[in-house]
Each structure stands twice: as structure tokens, then as C-alpha cells.
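Numbering (our numbering), first residue to last: 12 to 85. Notes follow the structure.
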């Protein structure tokens, strides 16, 4: 999953002191939400799958907003 690579990149930026801890934390949460979403599947569990997809989408949008704002300078 590309969100795993996103998490690694966010951790790298945090270690270089170019991003807040929120960025890798949110990237890891999106990665885990994607894994849960894939595990739930969706055929028999639409009551869980659809809200999970909405949460995952909100997390990805929030992550994109954080990535495209200016990086923190320290």
C-alpha cells in the first residue's frame, strides 16, 4: 500500500525536524485504517465498511492538507 510509503516518508521528515509529529502519526493512522478496511472486505459488512471508508477518506484528505502546507522550519 502506498500509505505505508507515506508513513515512512512522514517519519523521515519528522526525524529531519521538518514536520510535526502529527504528520507521521496521521500517516500511520491512515495506513492502519486502510489495513482494517481491506480486512473488513465489504460484502457482508456494509454497515462497517461504508463508515470506515468515510473515515479513511477524511484521514487521507487531512494528510494531503498537512503535506501541502509549508513545512515547519526549526
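Idealized CB from N, CA, C, for every residue including glycine.
Asked	Found
C-beta atoms of residue 41 and residue 75 nearer than 8 Å	no
Segment limits, alpha helix (DSSP H) that includes residue 17	13 to 26
Same chain, Cβ closer than 6 Å to residue 14, neighbours up to 5 away in sequence not counted	41, 42 and 45
Residue 36 to residue 19 span [Cα, whole Å]	11 Å
Limits of the alpha helix (DSSP H) - the one that residue 35 falls within	33 to 51
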